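Worksheet for the structure shown next.
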Amino acid sequence: MKTAAAKTLFVIVLVVLLVLLAASAFVWWRTSHGQGGVDAQQKAAAELKTLRAGIESSGVSGFQKENLESDVDEQLDALNRTAVDKAEADESRRPTDLHGLTDEITRSSKTVYDLASTDGLSSDEAATLVSIAVNQWGTVQLFNGSLSEVSDASSTASAQLKDMTGLGQNQALDAKGMCPAMSDDAKDKASAGSASGDSKRGSSKDSKELSDILTGLYSSSWAESYFQAREDVDGTAEDTAKRLDVAASVHSSQLQQLRAGLDQACESVPQPHAAYDLPDDTKDPGKVMTGQADHLAHESMALIRTQDPGKSGVHGTKSWTAWGARSLALNTVVSSQVSGDIPALPGIS
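Heads up, the sequence shown is in full-length UniProt numbering, so the first residue is 1 and it goes up one at a time.
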């Protein structure tokens, strides 16, 4: 009797110990896994605090200084509070002029973008770091007066964007893992036409975000070609015509790269005819161009948010973050050609 009771007690104690051990292991895993995300944000915050001090030492003043400081403050507010409180500026990095400051911002953009690939970040946290990096890249182009050069694959602006994201303007996109989401009609037709439709797609998943970007690119490209064709008739201002040229070149290149890089297993790609339209409330090319670029920037951010942190590259499933970041950067700049302002958190704010 005593032996049976002792055995029962032993089993109960053993089970309790195993449960406690499993719980402790889970807590340790969650803590260590999440800590990587906090550490990444702390490093990003240190970069931002270093830039904050660099703005002061560079001698930048007036409107430029106010905008830069406001952007950095908004970006710090978007990061983990504990990470921000622990972050410290690098006292050794103190630019003494605007050129030195833009060099620092360029270096910081690459660092922050790389941090977005850290394991332990949530998708939203990683997307925020990508957004900050895009702001920094765009700010440099604004200060250098090179917003109009982003459509030129040989320009410094394009080289810096490629260095940051790893993906160039004319570089072949080898994307895997996602296909544009089918409309209900397309799904019905695919089901009726082939019972093996799903097997052809393999592991690729439907992406509404990708479908929205493709439709947006078609719409933008058509609107830009429409306004370009009517420049003489409408008496389009020279500066607006130049901006249209930049936007048209950017979107044409994006569309070509994306369509060529889609997985061949994708059965449904949004067709151009669905996008041949202009907003009813305006025929002003500047407003239309800005609105469409803003829309594409936000859709690009939505695409980035669908990707798991730690997956950033130029091949296979890893390429979507890189392509999304390029799209976010390019469309932010296209929009900023008119406004003259780079949002603190492109695609978010």
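Note that CB positions come from ideal geometry on N, CA and C, so glycine has one too. The structure displayed is predicted, hence computed values, not measured ones.
Residue environment, residue i, which counts as buried when at least 16 other CB atoms sit within 10 Å
{"i": "residue 223", "result": "buried"}
{"i": "residue 341", "result": "exposed"}
{"i": "residue 256", "result": "exposed"}
{"i": "residue 229", "result": "exposed"}
{"i": "residue 63", "result": "exposed"}
{"i": "residue 135", "result": "buried"}
{"i": "residue 165", "result": "buried"}
{"i": "residue 124", "result": "exposed"}
{"i": "residue 233", "result": "exposed"}
{"i": "residue 299", "result": "buried"}
{"i": "residue 158", "result": "buried"}
{"i": "residue 326", "result": "buried"}
{"i": "residue 88", "result": "exposed"}
{"i": "residue 267", "result": "buried"}
{"i": "residue 83", "result": "buried"}
{"i": "residue 238", "result": "exposed"}
{"i": "residue 304", "result": "buried"}
{"i": "residue 339", "result": "exposed"}
{"i": "residue 242", "result": "exposed"}
{"i": "residue 109", "result": "buried"}
{"i": "residue 219", "result": "buried"}
Own chain, CB closer than 6 Å to residue i, minus 5 neighbours either side, in chain order
{"i": "residue 126", "result": "116 and 309"}
{"i": "residue 118", "result": "36 and 40"}
{"i": "residue 343", "result": "349"}
{"i": "residue 79", "result": "41 and 45"}
{"i": "residue 353", "result": "Since the first residue of the chain shown is 1 and the last is 349, residue 353 is not available in this structure."}
{"i": "residue 128", "result": "78"}
{"i": "residue 155", "result": "149"}
{"i": "residue 170", "result": "153"}
Which of helix, strand or coil DSSP assigns to residue i
{"i": "residue 283", "result": "coil"}
{"i": "residue 180", "result": "strand"}
{"i": "residue 318", "result": "coil"}
{"i": "residue 199", "result": "In this prediction, residue 199 has a pLDDT of 47, which is less than 50 and means its spatial position is unreliable; what the coordinates show is noted afterwards. Looking at residue 199 - three-state DSSP - the assignment turns out to be helix."}
{"i": "residue 152", "result": "coil"}
{"i": "residue 349", "result": "coil"}
{"i": "residue 85", "result": "helix"}
{"i": "residue 73", "result": "helix"}
{"i": "residue 174", "result": "strand"}
{"i": "residue 263", "result": "coil"}
{"i": "residue 277", "result": "coil"}
Sequence-distant residues of the same chain with beta carbon closer than 7 Å to residue i, five excluded per side
{"i": "residue 250", "result": "150, 151, 330 and 334"}
{"i": "residue 147", "result": "141, 333, 336 and 337"}
{"i": "residue 285", "result": "227, 236, 240 and 244"}
{"i": "residue 48", "result": "72, 75 and 76"}
{"i": "residue 199", "result": "Note on residue 199: pLDDT 47, under 50, position unreliable in the model; no value is reported."}
{"i": "residue 225", "result": "248"}
{"i": "residue 294", "result": "335"}
{"i": "residue 178", "result": "204, 205, 207, 210 and 320"}
{"i": "residue 100", "result": "58"}
{"i": "residue 97", "result": "58 and 59"}
CB of residue i within 8 Å of CB of residue j, strictly
{"i": "residue 175", "j": "residue 206", "result": "no"}
{"i": "residue 260", "j": "residue 221", "result": "no"}
{"i": "residue 345", "j": "residue 132", "result": "yes"}
{"i": "residue 216", "j": "residue 292", "result": "yes"}
{"i": "residue 213", "j": "residue 328", "result": "no"}
{"i": "residue 95", "j": "residue 58", "result": "yes"}
{"i": "residue 69", "j": "residue 52", "result": "yes"}
{"i": "residue 323", "j": "residue 167", "result": "yes"}
{"i": "residue 209", "j": "residue 306", "result": "yes"}
{"i": "residue 50", "j": "residue 105", "result": "no"}
{"i": "residue 161", "j": "residue 137", "result": "yes"}
{"i": "residue 263", "j": "residue 204", "result": "yes"}
Residue i: CB within 7 Å of a non-hydrogen atom of the ligand ATP
{"i": "residue 139", "result": "The ligand ATP is not part of the structure shown, which contains no ligands of any sort."}
Beta-carbon proximity list for residue i, same chain, < 8 Å, skipping 5 on both sides
{"i": "residue 90", "result": "46 and 50"}
Problem set entry | Unbroken stretches of the alpha helix (DSSP H), 4 residues or longer, contained in the region 93-150 | Whole alpha helix (DSSP H) segments, 4+ residues: 98-115 and 123-144.
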